[in-house]
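Following: one structure in structure tokens, then a few remarks.
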Amino acid sequence: MLSTVKVPKAFEPLFAEAEAKVKQFFDQQKANPSHGSIEIHGSRYVLVRGAAFSVEFFQLVRKIFGDGHQQDADRFSAGILYELAHSVGQSDAKQFHATMNLSDPVAKLSAGPVHFAHSGWAFVDILDESNPSPDENFCLVYKHPYSFECDAWLNSKSDVEHPVCIMNAGYSSGWCQESFGISLEAREITCRSMEQEDCLFIMAPPHLIEQKIQDFVQRHPELSITDSELAFVSEQPGLFHQAEAGQASFNGMLQQRLLAYARNLEATQQQLSENIEQLKQEIKRREQVEAQLLESEKRWRELSDATFDAIIVVQNDQVVSANRVSETLFDLPHQKIESAQLSDLFAADTYKIIVTALNSGDKEINNLKVQKDEVEKFVDIQFHQSVFNEQPAVMCAIRDITERAVAMQRLERLANFDALTGLPNRTLFQRVVNRSLLSSNFSHKHGLLFLDLDNFKIINDTHGHSAGDLLLFEVANRLSNAIRGSNTICRLGGDEFGIWVPDISTDEAAKQVALQIIEALKEPFRVSREQVRVTFSIGVAIYPHDGTDYTTLTRNSDMAMYDAKNSGKNRYSCYSAVRHKAPSD
Numbered sequence: 016m017l018s019t020v021k022v023p024k025a026f027e028p029l030f031a032e033a034e035a036k037v038k039q040f041f042d043q044q045k046a047n048p049s050h051g052s053i054e055i056h057g058s059r060y061v062l063v064r065g066a067a068f069s070v071e072f073f074q075l076v077r078k079i080f081g082d083g084h085q086q087d088a089d090r091f092s093a094g095i096l097y098e099l100a101h102s103v104g105q106s107d108a109k110q111f112h113a114t115m116n117l118s119d120p121v122a123k124l125s126a127g128p129v130h131f132a133h134s135g136w137a138f139v140d141i142l143d144e145s146n147p148s149p150d151e152n153f154c155l156v157y158k159h160p161y162s163f164e165c166d167a168w169l170n171s172k173s174d175v176e177h178p179v180c181i182m183n184a185g186y187s188s189g190w191c192q193e194s195f196g197i198s199l200e201a202r203e204i205t206c207r208s209m210e211q212e213d214c215l216f217i218m219a220p221p222h223l224i225e226q227k228i229q230d231f232v233q234r235h236p237e238l239s240i241t242d243s244e245l246a247f248v249s250e251q252p253g254l255f256h257q258a259e260a261g262q263a264s265f266n267g268m269l270q271q272r273l274l275a276y277a278r279n280l281e282a283t284q285q286q287l288s289e290n291i292e293q294l295k296q297e298i299k300r301r302e303q304v305e306a307q308l309l310e311s312e313k314r315w316r317e318l319s320d321a322t323f324d325a326i327i328v329v330q331n332d333q334v335v336s337a338n339r340v341s342e343t344l345f346d347l348p349h350q351k352i353e354s355a356q357l358s359d360l361f362a363a364d365t366y367k368i369i370v371t372a373l374n375s376g377d378k379e380i381n382n383l384k385v386q387k388d389e390v391e392k393f394v395d396i397q398f399h400q401s402v403f404n405e406q407p408a409v410m411c412a413i414r415d416i417t418e419r420a421v422a423m424q425r426l427e428r429l430a431n432f433d434a435l436t437g438l439p440n441r442t443l444f445q446r447v448v449n450r451s452l453l454s455s456n457f458s459h460k461h462g463l464l465f466l467d468l469d470n471f472k473i474i475n476d477t478h479g480h481s482a483g484d485l486l487l488f489e490v491a492n493r494l495s496n497a498i499r500g501s502n503t504i505c506r507l508g509g510d511e512f513g514i515w516v517p518d519i520s521t522d523e524a525a526k527q528v529a530l531q532i533i534e535a536l537k538e539p540f541r542v543s544r545e546q547v548r549v550t551f552s553i554g555v556a557i558y559p560h561d562g563t564d565y566t567t568l569t570r571n572s573d574m575a576m577y578d579a580k581n582s583g584k585n586r587y588s589c590y591s592a593v594r595h596k597a598p599s600d
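Numbering of the sequence shown is given in our numbering, commencing with residue 16 and proceeding in unit increments.
So, in structure tokens, the structure goes:
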């Protein structure tokens with residue numbers, strides 16, 4: 016009989032085996048306070064109060080955000096905790112699977128809920144509606160009785176307006192993702208901390224999770240989930256999720272986020288600086304080692320195996336020597352690497368870049384994207400002319416910088432793209448326009464469209480700002496689908512958008528884009544389970560006769576937009592027509 020998990024009857028034999036495996040794992044627990052250590056099956060563990068990762072963390076972030084921004088603060092806290100727990104769940108699963116020699120995906124997954132109970136997160140009750148198949152149809156519906164996060168909030172007697180079991184959702188989805196090898200996310204849709212009956216979760220692939228939640232709620236009207244609770248649950252978790260802006264301008268909203276993220280960004284910057292300095296020192300040490308490698312192949316092997324970089328020695332495209340670290344980089348046994356051609360280790364396009372660099376006598380390649388067998392990494396490669404078995408050779412020192420490269424990409428996206436809609440922001444839009452203008456030399460025509468949603472304030476006031484943000488997101492998607500090609504769409508801020516239409520032959524081409532936008536918005540949007548119709552007032556300015564620089568074009572297209580709005584909305588106006596109107600018009 017199962018004691019640490021509750022599952023549908025058909026799954027009980029699998030979970031009975033899992034209970035035995037996990038019990039065997041946790042039975043090997045050794046606590047040594049004199050050394051300040053706790054070990055389970057040979058790995059170090061630490062005990063942390065549950066409230067520190069829940070109530071107290073939320074309260075700290077609320078102080079950072081300040082009064083009046085609790086909702087933004089809670090979204091930020093939830094994003095960090097979810098990402099952290101998701102990564103920990105993946106790591107714990109990978110370590111446990113290796114330690115206990117688990118290879119079957121179902122066995123890997125079934126160990127998760129039992130491990131979850133043993134490590135103090137919560138008891139797991141998997142419901143009959145679940146379909147844990149390792150594909151697009153994966154769906155897990157489960158409860159977490161005795162959740163440590165929920166208990167922490169209940170004991171604190173703090174008011175909550177959303178589900179609080181964030182880390183439970185992140186950890187369980189991380190474990191299942193590692194077990195099945197597919198991307199998964201979990202959301203808590205009801206929580207005991209909100210005086211609901213259960214801490215109830217749904218897990219599914221990221222692009223299907225919202226639909227799974229909607230379907231489940233429709234099948235279970237007895238859950239009585241409010242629109243605001245459902246909005247919080249339906250939002251994508253993550254550190255870089257952009258919360259609603261309220262009445263503040265975009266700049267004000269960004270300033271709030273920067274204040275909250277400052278500590279994290281400063282720490283990241285410091286870490287990157289330290290890594291760069293370490294890389295410089297490592298390069299210096301490697302140059303000193305190179306002379307010693309000429310003396311003895313045995314000495315070379317000892318030294319190369321001691322470094323953190325993957326090192327391979329190449330002669331005539333043949334890998335003749337490789338260190339142990341290269342096994343991790345290429346995911347191949349050491350013997351296969353040393354018998355491989357250089358072209359066998361890299362995809363064709365990457366291999367071509369490396370060969371070109373070698374033929375050109377380059378000393379290094381930085382931030383090289385490497386993709387092979389659907390696995391993507393970023394590396395720095397240092398090239399050193401060497402000798403192996405008395406023949407010329409090239410030593411390639413390859414450093415995996417994937418984590419740093421991904422972090423920099425995220426920071427760059429945060430600076431250039433609107434976090435709510437995913438469109439370019441005002442800064443990136445201005446750069447795109449200026450690049451076009453610099454290359455035009457008055458010999459081409461370009462169009463700049465300024466778009467403003469009509470009566471957007473009424474939608475915010477009627478349905479709430481969360482609904483308003485969702486509407487802006489859907490409008491952006493529809494614009495992107497309607498306006499393709501070389502055109503650039505951006506969110507300038509609030510309910511204002513801009514479109515750059517480059518290299519047009521006549522003014523009519525820009526007007527045609529405006530008509531496409533008006534046509535694209537004819538179909539209503541669904542907001543708060545209601546049908547809502549929205550329209551744009553659009554101003555059109557044409558380079559060069561309506562302006563020859565970004566500032567002039569934006570000012571004149573804005574003036575034309577106001578003419579369209581004053582003329583009845585849901586239409587466009589051209590600046591060339593507006594400027595010729597009589598003052599009485």
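From the three backbone atoms N, C-alpha and C, an ideal C-beta is built for every residue, glycine too.
Residue i, enclosing beta strand (DSSP E) - first and last residue
i: D518; result: 511-519
i: H399; result: 390-403
i: S188; result: Careful: S188 lies outside any beta strand (DSSP E), inside the alpha helix (DSSP H) at 181-195.
i: E144; result: Unbroken run through E144: none, as it is neither H nor E.
i: N47; result: 44-47
i: G554; result: 551-558
i: S341; result: Here S341 belongs to no beta strand (DSSP E); instead the alpha helix (DSSP H) covers 340-345.
i: Q333; result: 333-337
i: E54; result: 52-55
i: S58; result: 58-60
i: S198; result: It is not in any beta strand (DSSP E) - S198 carries neither H nor E in the DSSP assignment.
DSSP beta-bridge partners of residue i
i: E418; result: For E418, which the question treats as bridged, DSSP gives no partner whatsoever.
i: P407; result: V402
i: V70; result: Note: V70 sits in no beta bridge, so no partner.
i: F216; result: Y157, E203
i: Q229; result: None, per the DSSP bridge assignment.
i: S288; result: In the DSSP output, where bridge partners are listed per residue, S288 has none listed.
Simplified DSSP state of residue i, which is helix, strand or coil
i: S102; result: helix
i: M16; result: coil
i: R541; result: strand
i: T205; result: strand
i: C505; result: strand
i: M423; result: helix
i: I603; result: This structure gives no information on residue 603, because the portion of the chain shown stretches from 16 to 600.
i: K14; result: The structure shown does not extend to residue 14, since the chain is modelled only from 16 through 600, so no value can be given for it.
i: Q211; result: coil
i: L273; result: Confidence at L273 is low in this model, with a pLDDT of 47, below 50, so its placement is unreliable and the value that follows should be read with caution. L273 falls in the helix class under three-state DSSP.
i: A25; result: helix
i: D433; result: coil
i: E379; result: strand
Min CB distance residue i to chain D below 8 Å
i: M576; result: Among the protein chains of the structure shown there is no chain D, as only one such chain exists.
Span of the alpha helix (DSSP H) around residue i
i: G483; result: 480-497
i: C165; result: 163-171
i: I368; result: 363-374
i: F131; result: 120-133
i: R446; result: 441-455
i: A529; result: 522-535
Cutoff 8 Å; reference residue i; Cβ partners in own chain excluding five residues on either side
i: P120; result: P149, S194, F195, G196
i: S264; result: With a pLDDT of 42 at S264, under the threshold of 50, the modelled position of this residue cannot be trusted; read the value that follows with caution. Only G508, G509 meet the Cβ criterion.
i: T205; result: P178, Q211, E212, D213, C214, L215, L238, I240
i: F30; result: L17, V20, V22, S125, P128, V129
i: E353; result: V334, V335, S336, A337
i: M576; result: F465, L466, D467, S552, I553, G554, S588
Same chain, Cβ closer than 7 Å to residue i, five either side skipped, listed in chain order
i: Y366; result: L357, S358
i: H50; result: none
i: P539; result: Q546, V547, R548
Contacts around residue i, its chain only, beta-carbon distance under 6 Å, and the 5 residues preceding and following it disregarded
i: M410; result: V328, H399, S401
i: T503; result: V447, W515
i: D578; result: S588, V593
i: I380; result: A372, I396
i: V390; result: none
Quiz item: Touching or not, the segment 443-463 and the segment 563-582, by the rule of three or more beta carbon pairs under 8 Å?
Solution: Per the Cβ contact rule, the segment 443-463 is in contact with the segment 563-582 (3 or more Cβ pairs under 8 Å).
Quiz item: Counting Cβ pairs, one atom from each stretch, are 3 or more of them under 8 Å apart for the segment 546-565 and the segment 579-586?
Solution: yes
Quiz item: Do the segment 55-64 and the segment 30-45 make contact, defined as three or more Cβ pairs closer than 8 Å?
Solution: yes
Quiz item: Are at least three pairs of beta-carbons, each pair with one atom in the segment 451-459 and one in the segment 485-499, less than 8 Å apart?
Solution: no
Exercise. Assess, as a yes-or-no matter, whether the segment 66-75 is touched by the segment 169-186 under the definition of 3 or more beta carbon pairs within less than 8 Å.
Key: Three or more Cβ pairs drawn from the segment 169-186 and the segment 66-75 lie within less than 8 Å of each other, which places the two stretches in contact.
Self-check item: Any 3 or more C-beta pairs closer than 8 Å across the segment 348-355 and the segment 332-339
Solution: yes
Quiz prompt | Inter-stretch contact (C-beta, 8 Å, three-pair minimum) for the segment 518-534 and the segment 462-472 | solution = yes
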